[in-house]
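All remarks here apply to the structure that follows.
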Ligand code: SF4
Ligand code: SF4
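Numbering (this note's numbering), first residue to last: 2 to 470.
Right, dumping it as structure tokens:
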């Protein structure tokens, strides 16, 4: 009996809060949140949205500040251009990103989901706010839903879905601007959709996807689609900071009743407000759940209740499960400091990689299969292939200069290498040395590499010669 009850109590582990027993989706009408965390999250969200929408318009030295042109494999991140040749940095960045996400989540839980994730920000801070503005709070929304189609419902639904579609169109255009650049997008707009039907259809498809996600799919993105959400089970443990309910303080829960002795009850008055405000429809009092996006709405709701009944706030709060069970105040643990230090080191290394990246990558290798050649009776030469990769926005002129008095540099073809932006320039050079000046059969010869007249590096070209008697 006890076991059966325990199993029944844990039904939330085996079923989704927004799906009924027949597998039909239950629409969630979350109560409008309010409180300190909601205000802080709103400020963060507005700042992030402002940056995102303004991003394509921001330029640095005439080029976009951010560009992710996957079609032409051209990327600009904070004004730094990256080309396909920078794949190594991308690989390091990807690895850093993965390690960062894992370590960050192990220590700080799903803070990202609640405060920074674009899905949460757009859903809770833009589309949901429009919904509250048009349809009213949760009770009015439920009433409207149950209402037969009449003038009011048609008017509200039309207005809401028109605004949702327009916003989705703006978001799609913003993403497109990040891919092709705002100048290119402006040109497409000037030409009109008929002149670029393919692009326009793609834009409409993306608009449709965004509209579907924010108007209908909503919390299901976090619950069943997002891989980050699905991985929470393996990343979180009892030491991770999460939005959690203090069951030690709150249980046994029970309604306030002035006529009865309730002194044996915990602080939770079972008002259900923390459930009512939850955008994923869960009860945080059941413990950490996959559906919880750490949006903090339940913290605000419960703090408000605690204030009203004159009990300490933070019955629901950011804390670790261990902290709640042991009744310890959360403090920065050694593990949190160690993991956070690793994160800082990783980010610093990546920043150093990016900042110290050469504008021109220059490579010199001996021509494949060659050793040395005799030039007449008194000279020996070696052949090399050179390659320059221009990682800047402007064309660069690369010049090579011999820096060893004994030797002569012969460029086969053009003396100067012109490297167009983001492209390679290749060539072949020959180093010629009089036989009388060759003292060993293996040594290096310095060759200066100059870009627009400024020396950027020195090649130490390995020279091979026959063994001299
Ligand atoms: S809001 Fe607080 S008091 Fe009310 S049910 Fe939730 S945990 Fe209990
Ligand atoms: S349980 Fe609380 S923090 Fe988690 S999603 Fe629901 S309201 Fe947000």
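Even for Gly, the Cβ is constructed at its ideal location relative to N, Cα and C.
Within its chain, find whatever has a CB closer than 8 Å to the CB of residue i; leave out the 5 residues flanking it on each side and keep chain order.
i           : result
residue 443 : 463, 464, 465, 466
residue 371 : 383, 384
residue 451 : 399, 400, 401, 402, 457
residue 182 : 57, 65, 68, 70
residue 318 : 244, 245, 247, 300
residue 2   : Bear in mind that a pLDDT of 36 at residue 2, under 50, signals an unreliable position, so the model cannot answer this.
residue 186 : 57, 174, 177, 178
Can you name, in chain order, every residue of its own chain whose Cβ lies under 6 Å from the Cβ of residue i, other than the five neighbours on each side?
i           : result
residue 161 : 135
residue 113 : none
residue 417 : 398, 400
residue 223 : 230, 294
residue 29  : 19, 282
residue 407 : 434, 438
Residue i by DSSP, collapsed to three states: which one?
i           : result
residue 162 : helix
residue 46  : helix
residue 156 : helix
residue 362 : strand
residue 428 : strand
residue 419 : strand
residue 198 : helix
residue 132 : helix
residue 385 : strand
residue 28  : coil
residue 150 : coil
residue 324 : helix
residue 68  : strand
residue 307 : helix
residue 460 : strand
residue 189 : helix
residue 517 : Here the chain comprises residues numbered 2 to 470, so residue 517 is not present and cannot be evaluated.
residue 98  : helix
residue 230 : helix
residue 125 : helix
residue 394 : coil
residue 318 : strand
residue 329 : coil
residue 373 : coil
residue 434 : strand
residue 115 : helix
residue 449 : strand
residue 253 : coil
residue 61  : strand
Note down, in chain order, each residue of its chain lying with its Cβ closer than 7 Å to the Cβ of residue i, except the 5 sequence neighbours on either side.
i           : result
residue 233 : 111, 291
residue 219 : 124
residue 453 : 397, 398
residue 45  : 116
residue 61  : 80
Determine whether the beta carbon atoms of residue i and residue j lie at a separation below 8 Å.
i           : j           : result
residue 159 : residue 208 : no
residue 243 : residue 272 : no
residue 448 : residue 410 : yes
residue 212 : residue 241 : no
residue 457 : residue 380 : no
residue 436 : residue 461 : no
residue 337 : residue 108 : yes
residue 122 : residue 164 : no
residue 97  : residue 412 : no
residue 310 : residue 270 : yes
residue 115 : residue 297 : yes
residue 289 : residue 237 : yes
residue 189 : residue 200 : yes
residue 360 : residue 316 : no
residue 180 : residue 21  : no
When we look at the beta-carbon of residue i and count the other beta-carbons within 10 Å, is it buried (16 or more) or exposed?
i           : result
residue 9   : For residue 9, the predicted model reports a pLDDT of 48, less than 50, meaning its position is unreliable; a value from the coordinates is still stated below. Classification of residue 9: exposed, given that the 10 Å Cβ count is below 16.
residue 124 : buried
residue 17  : buried
residue 156 : exposed
residue 68  : buried
residue 468 : exposed
residue 432 : buried
residue 25  : exposed
residue 308 : exposed
residue 32  : buried
residue 320 : buried
Are the C-beta of residue i and some C-beta of chain C separated by less than 8 Å?
i           : result
residue 147 : Any reference to chain C falls outside this structure, which holds one protein chain only.
Inter-stretch contact at 8 Å, needing at least 3 Cβ pairs: the stretch 320-329 / the stretch 52-72: No contact exists between the stretch 320-329 and the stretch 52-72.
Validate contact between the stretch 415-433 and the stretch 389-406 using beta carbons, cut 8 Å, 3 pairs: yes
contact_flag[the stretch 249-264, the stretch 136-153] where n(CB pairs < 8 Å) is 3 or more: no
Contact between the stretch 145-159 and the stretch 59-78 (3+ Cβ pairs under 8 Å): Because the criterion of three Cβ pairs below 8 Å is not met, the stretch 145-159 and the stretch 59-78 do not touch.
Inter-stretch contact (C-beta, 8 Å, three-pair minimum) for the stretch 293-313 and the stretch 35-46: yes
Cβ pair count under 8 Å reaching 3, the stretch 275-286 against the stretch 343-353: no
Cβ contact (3+ pairs, closer than 8 Å) linking the stretch 86-106 and the stretch 345-360: yes
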